[in-house]
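Data first, discussion second: the structure below is written as structure tokens.
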Amino acid sequence: MKKTVVSLFAAMLISSPVMADGQAVFEKHCKACHDTGLAGAPKTGDAAAWQPRIAKGMDAMLTTVKSGKGAMPPKGTCASCDDAGLTGAIQVFVDLAK
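Residue 105 is where the sequence shown ends in the numbering used here, and the numbering goes up by one at each step.
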């Protein structure tokens, strides 16, 4: 039992920071433009706009975010973000588009 609890706790520590970082990246660096659709950005929660992107897969979306698209510069406004933080932010968009 003790080993199971320790394993679950370790798994939470490993997985939580990526999602927490992703949520923080989303809130700080993505939300303003995507909530308003600024410069043609697909709006947060707009399933029709996000489904074609989601269909391409997480790797393709990460590549797009890292290189930038349209008015969005590489990595959006988070030049210091790593792949884990960016992937976590993308996952927020995916979850909100469901």
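Glycine residues also receive a C-beta, built at the ideal position from the N, C-alpha and C atoms.
Treat the numbers as computed from the prediction; the structure is a model and nothing was measured.
### Task
Using three-state DSSP, classify lysine 35 as helix, strand or coil.
helix
### Query
The alpha helix (DSSP H) spanning alanine 56 covers which residue range?
54-62
### Task
Spell out a yes or no on whether the stretch 85-94 and the stretch 62-73 are touching, meaning 3 or more CB-CB pairs, one atom from each, closer than 8 Å.
yes
### Cut-off 6 Å between Cβ atoms - residues of its own chain near alanine 104, not counting five sequence neighbours on either side
Ala54, Trp57
### Task
Could you tell me whether the Cβ atoms of valine 99 and glycine 29 are closer together than 8 Å?
yes
### Task
Ignore the nearest five residues each way along the sequence and tell me which others in aspartate 90's own chain have a CB closer than 7 Å to its CB.
Leu69
#### Entry: Alpha-carbon to alpha-carbon, isoleucine 61 and valine 101
7 Å
### Proximity winner among Phe33, Lys76, Cys88, relative to glycine 52 (alpha-carbon distances)
Phe33
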